[in-house]
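First comes the structure, then the notes that go with it.
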Amino acid sequence: MLRREIFSKGELVTGECFAEDGKTTIPYYPHFSFPDFPGGPSTLMKLVMTSFKMPQETSRSRVAGTTVVHFIVTKEGKIHSPSIVKYVHPDIDEEVLRVVNTLPNFAPALEEGN
């Protein structure tokens, strides 16, 4: 399969896909797409915020900050190997991992439509 994609300032503007003969157009799809959470990023954030329960000890001591978590989305859309990249407090970080491990499946990344 052949493709032609036009970008502006690093963003895809338009694209076309062609059969092997280079002449026949076929339905366009991006070369690569990142994993996608059903409902998008705002739905993911709402789910995380409603699922997260502030640990009592950290609530009393007014611990605050942003925990950053890294994970892999498998080809089946499942979360794999979540780990804390930016720590805040052990109790908060543990709760963040609990929440991440309860998230529903993502739509997995696709490369060349697969």
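Just so you know, we're using the numbering used here here: the sequence shown kicks off at -11 and counts up by one. For glycine and all other residues, C-beta sits at the position ideal for the given N, C-alpha and C.
Hey, how far is the Cα of T12 from the Cα of F6?
Each residue's Cα considered, the two are about 5 Å apart.
V88 beta carbon less than 7 Å from that of P70:
Result yes, Cβ atoms of P70 and V88 sit closer than 7 Å.
Nearest to Y16 (by Cα), restricted to the options M33, D79, E(-1), R(-8):
Answer by Cα proximity: R(-8).
With E83 and K41 assumed to form a contact (beta carbons below 8 Å), what rounded beta-carbon distance in angstroms separates them?
Yes, they are in contact, since the Cβ atoms of E83 and K41 sit about 6 Å apart, within 8 Å.
Classify I(-6) as buried or exposed, calling it buried when 16 or more other Cβ atoms lie within 10 Å of its own Cβ.
It counts as exposed.
D9, buried or exposed, once every other Cβ within 10 Å from all chains shown has been counted against 16:
Counting of Cβ neighbours within 10 angstroms places D9 among the exposed residues, the total staying below 16.
F106 and G53 closer than 7 Å at C-beta
Nothing about residue 106 can be read from this structure; the chain reaches only from -11 to 102.
Looking at the structure shown, is K63 part of a helix, part of a strand, or coil, going by DSSP?
DSSP, reduced to helix, strand and coil, places K63 outside both helices and strands of the structure shown, so it counts as coil.
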